[in-house]
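Below: one structure, written as structure tokens.
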Amino acid sequence: MRATHIIRTAGGTAVHALLTEADHPEDGPLLVAVHGGGYTGEYFALGEHSLTRCASFAGLPVLAIDRPNYGVSEAMSLPFGEAIARSARVVEEFVDDALKELDRPRPVMLIGHSIGAMIVLQLAAMKPAWDLVGISVDGVGIDPRPGPTFPTSSLLGERVPLPTEVRRAVHYGPASTYSASVFLEAMAFEHDVPVEEVAEALQFHERVAALAPEVVVPVMYGLAEHDGLMTATEETVASFAALFTSAPRVDAQLIRGAGHNVDLHYVAKAHNLRRIAFALECNVEDRQPA
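Following numbering that gives the first Met the number 0, the residues of the sequence shown are numbered contiguously, the last one being 289.
See below:
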């Protein structure tokens, strides 16, 4: 597997991404991975069974983006109420440029986790100019667990710290579902969250019903059974999936044996192999005549 760090200007901001490519590439989509709040793009490269490693075995490239205000990417102002939409436009522009870096022309499969899933849904609804064959999202839903109300305008421009024990309680399942070594590895890539993102994410469940019908590509959706942010049941998963009335198909699953950060649990390998299989299926379906 070859790893290349690329930086391009998107939305007037220098954005960094890790591009991983297989030693023996196969035909198929570029997997564009959009991280959630509190982590960098390295989220998708953590652990023995990360998305980048699993995709490499399948011969597919992964573009794991550091969203603006995270990791190596520059800071970017996020107008209140427009954080997700503006982030989606930046990802769209960045991907358009990054496609020129690849070994061959490829369509795109968007993968998003948590706030990254919200950005992916927004971007898919915007119908980007490049060939989008499908999306895979997890860590987002329609029934948030009770939590504190969030101050808004008085804290604009601030960042919300997430202490380790809060992350453990909210982002992880029982201790038996994840490795202590991966938990410690992930700590190196933890990040404070812009307050504008948090405020908008807390209200996203109110917007998704209007957004989902605008998605016209296949959807893979997963919600972890031990998710600390969303109520996770077979019923809530089915209700979320039913919102995508214009998608050709929706594969929805309650992900057993995982907390919110599915990629950092023992089930990561199975989850990533499902993502890759779905991407390959979407790629084949995209080639079929209408």
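Positions of the beta carbon are idealized from the N, C-alpha and C atoms, including for glycine.
Under the three-state DSSP convention, the category residue i falls into
i, result
"D262", "helix"
"P60", "coil"
"H170", "helix"
"H15", "strand"
"V31", "strand"
"R52", "helix"
"T176", "helix"
"Y42", "helix"
"R66", "coil"
"E20", "strand"
"A74", "coil"
Rounded distance between the beta-carbons of residue j and residue i, thought under 8 Å
i, j, result
"Y38", "H190", "6 Å"
"G140", "H204", "7 Å"
"N282", "P78", "The Cβ separation is near 36 Å, so there is no contact."
"G133", "G256", "Not really, about 25 Å apart at Cβ, beyond 8 Å."
"L29", "L101", "6 Å"
"H170", "G227", "6 Å"
"S72", "A13", "7 Å"
"A63", "F43", "4 Å"
"A97", "I5", "6 Å"
"A211", "F243", "5 Å"
"G36", "A200", "7 Å"
Residue i burial status per 10 Å Cβ neighbour count (16 or more: buried)
i, result
"P217", "buried"
"E20", "buried"
"A278", "buried"
"L120", "buried"
"A198", "buried"
"M75", "buried"
"T163", "exposed"
"G11", "exposed"
"E196", "buried"
"M117", "buried"
"P60", "buried"
"A54", "buried"
"H23", "exposed"
"P145", "exposed"
"T3", "exposed"
"M66", "Reading off the sequence shown, one finds Arg at residue 66, where the question assumed Met. With 16 or more Cβ atoms within 10 Å of its Cβ, R66 is classed as buried."
"S49", "buried"
"A237", "exposed"
"E41", "buried"
"A319", "The structure shown does not extend to residue 319, since the chain spans only 0 to 289, so no value can be given for it."
"V266", "buried"
"P150", "With a pLDDT of 47 at P150, under the threshold of 50, the modelled position of this residue cannot be trusted, and the question is left open."
"M186", "exposed"
"V165", "exposed"
"K113", "Looking at the sequence provided, one finds Ser at residue 113 rather than Lys. Answer is buried; the Cβ neighbour count reaches 16."
"R274", "buried"
"A174", "exposed"
"A276", "exposed"
"A168", "exposed"
Top-ranked residue by Cα proximity to residue i, from the options
i, options, result
"A223", "H264, V214 and E164", "H264"
"L253", "A240, S245, T244 and A74", "A240"
"A128", "A44, E100 and V90", "V90"
"R52", "A208, P288, A200 and K268", "K268"
"P193", "A168, L50 and E81", "E81"
"V136", "Y220, P247 and E184", "Y220"
"D130", "Y69, V215 and S113", "V215"
"A123", "G138, A9 and A87", "A87"
"R1", "L17, A13 and T8", "L17"
"R248", "E280, R85 and T230", "E280"
"H225", "P143, A211, A179 and R274", "P143"
"T8", "E25, Y69 and E92", "E92"
"S245", "K126, R166 and Q202", "K126"
"T176", "D262, E234 and D95", "D262"
"V181", "G27, E25 and E47", "E47"
CB contact below 8 Å: residue i versus chain C
i, result
"D191", "The structure shown has no chain C; it contains just one protein chain."
Fully enclosed by the segment 79 to 166, which alpha helix (DSSP H) runs are 4 residues long or longer?
82 to 97 and 114 to 125
Mind listing, in chain order, the continuous beta strand (DSSP E) runs of no fewer than 3 residues lying wholly within the segment 187 to 270?
218 to 225 and 249 to 258
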